[in-house]
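> According to this note's numbering, the sequence shown holds residues 844 to 941 in order. We put the CB at the ideal spot given by N, CA and C, even for glycine.
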Amino acid sequence: MKLSIFGLGYVGTVMGAILADRGFHVTGIDVNPQKVEDLNNGCSPIIEDGVPELISQHSKTGTHRFIATTKYLDAVESDISFICVGTPSSSTGDMDLG
Numbered sequence: 844m845k846l847s848i849f850g851l852g853y854v855g856t857v858m859g860a861i862l863a864d865r866g867f868h869v870t871g872i873d874v875n876p877q878k879v880e881d882l883n884n885g886c887s888p889i890i891e892d893g894v895p896e897l898i899s900q901h902s903k904t905g906t907h908r909f910i911a912t913t914k915y916l917d918a919v920e921s922d923i924s925f926i927c928v929g930t931p932s933s934s935t936g937d938m939d940l941g
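(1) Considering only the alpha carbon of each residue, which of V928, I848 and C886 lies closest to T904?
(2) Answer yes or no: do F867 and F925 have a C-beta to C-beta separation smaller than 8 Å?
(3) Report buried or exposed for D864, applying the criterion of at least 16 other Cβ atoms within 10 angstroms of its Cβ.
(4) If you follow the beta strand (DSSP E) that I848 is in, where does it begin and where does it stop?
(5) What residue does the alpha helix (DSSP H) around H901 start on, and which one ends it?
(6) For S902 and D939, I'd like the C-alpha separation in whole angstroms.
(7) So what does DSSP say about V879, is it helix, strand or coil?
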């Protein structure tokens, strides 16, 4: 099954690494080209037990099950998409759920 994850911050990266380890093919999309390059090179931007090892094992350097990109169209053909982006905040710092 092909999955896509929009947003490769703490939630998206950890989720993508775990799902890739469970055998899913994950395409992670993020606007930060440096983060995408690091992930594809097997380097995790997240410090969490086991996550750097999973990223290294399943990125382009390993099983190829967790691929990162800045191109959102690469995720169009996924079976399921997850949105893991931050909640916008207002000028006062409150969550803007509008």
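In brief:
(1) To locate residue 904, count along the sequence shown from 1; it is residue 61. Ranking the options by Cα distance to T904, first place goes to C886.
(2) As a working mapping, residue 867 is identified with position 24 in the sequence shown. As a working mapping, residue 925 is identified with position 82 in the sequence shown. For F867 and F925, no; Cβs fall outside 8 Å.
(3) Start at 1 with the first residue of the sequence shown, and residue 864 comes out as number 21. Answer is buried; the Cβ neighbour count reaches 16.
(4) Residue numbering aside, residue 848 sits at position 5 when the sequence shown is read from its first letter. Counting along the chain, the beta strand (DSSP E) containing I848 begins and ends at K845 to F849.
(5) Within the sequence shown, numbered from 1, the residue matching residue 901 stands at position 58. Counting along the chain, the alpha helix (DSSP H) containing H901 begins and ends at V894 to H901.
(6) As a first step, residue 902 is located in the sequence shown; it is residue number 59 there, counting from the start. As a first step, residue 939 is located in the sequence shown; it is residue number 96 there, counting from the start. For S902 and D939, the distance between alpha carbons rounds to 34 Å.
(7) Taking the sequence shown and counting its residues from 1, one reaches residue 879 at position 36. DSSP places V879 in helix when its eight states are reduced to three.
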